[in-house]
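For reference, the structure discussed in these notes is given below.
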Amino acid sequence: MKKLIHSLTKTRETLPLLAASCIFLSMIEYIIPKPIIFMRYGIANIPIMISLKIFSPGMTMVLVLLKIIGQGIITGTIFSYIFLFSLSGSLASGLAMIFIYRICKDKISMIGVSVTGAFASNIIQLTVAKYLIFGKAAIIMGPAIILIGTITSVIVGVFAQLFILKSQWLKTKLSDSKGQYA
Numbered sequence: 027m028k029k030l031i032h033s034l035t036k037t038r039e040t041l042p043l044l045a046a047s048c049i050f051l052s053m054i055e056y057i058i059p060k061p062i063i064f065m066r067y068g069i070a071n072i073p074i075m076i077s078l079k080i081f082s083p084g085m086t087m088v089l090v091l092l093k094i095i096g097q098g099i100i101t102g103t104i105f106s107y108i109f110l111f112s113l114s115g116s117l118a119s120g121l122a123m124i125f126i127y128r129i130c131k132d133k134i135s136m137i138g139v140s141v142t143g144a145f146a147s148n149i150i151q152l153t154v155a156k157y158l159i160f161g162k163a164a165i166i167m168g169p170a171i172i173l174i175g176t177i178t179s180v181i182v183g184v185f186a187q188l189f190i191l192k193s194q195w196l197k198t199k200l201s202d203s204k205g206q207y208a
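Position one of the sequence shown corresponds to residue 27 (the numbering used here), numbered consecutively onward.
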């Protein structure tokens, strides 16, 4: 029981920090010019990739949902089609990153996790774009979105990997929790 209480306390401290980091990075990402209007570079996924190391899959998905809702509220897109792109892409990305990380934990770097998440996000968003807005013309955007998504996801993965390797804060969290909070 004492271990469970300690675990919940640590989660209660860390989840809001990582959620705020997602939203902060999302705002930075929001002001960076984009080659395609609804495209995102994915830097707000760095805290989500970090959470893979310390949270259960369920808590990581809670973080993904907090990121999506926070982005939607702050950017004013929560009641728009752009929110649907964010929702579908982030859910697909979060699930794909959790899946690949759990299956290949010791065999994959955060670069691979990031590329997997970006690919899932891009495919789902292109599918949503096809059925919601662009019809068959969405296929024309596909190669550019997947290429840009792959390049940016490698860069995001490098940053996440460097943070994980060098962060004293994360090392403390991992040693306190033995790798899992909740």
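Beta carbons are placed, not taken as given, at the ideal position from N, Cα and C, and that holds for glycine.
- In the DSSP assignment, L188 falls within the alpha helix (DSSP H) that extends over A164 to K192.
- Exclusion of the five residues before and after S112 leaves R66, I94, Q97, G98 and T103 as the residues of its chain whose Cβ lies within less than 8 Å of its Cβ.
- For P61, the three-state secondary structure derived from DSSP is coil.
- In this structure, DSSP gives D202 a helical state, which the three-state scheme calls helix.
- Residue nearest to L78 within the set A186, K192 and Q194 is A186 (criterion: CA-CA distance).
- The beta carbon of M75 lies closer than 7 Å to those of M123, M136, V139, S140 and A186 in the same chain, with the five residues before and after it left out.
- Look at G68 here: in three-state DSSP terms it is coil, with no helix or strand label.
- If you check the CB distance, A155 and G175 do not come in under 7 Å.
- When secondary structure is reduced to three states using DSSP, K93 falls in the helix class.
- Non-local C-beta neighbours of C130 in its own chain, meaning closer than 8 Å and more than five positions away in sequence, comprise G138, ordered along the chain.
- For I134, no alpha helix (DSSP H) segment is defined, and its DSSP state is neither H nor E.
- By the neighbour-count definition (other C-beta atoms within 10 Å, threshold 16), G68 is a buried residue.
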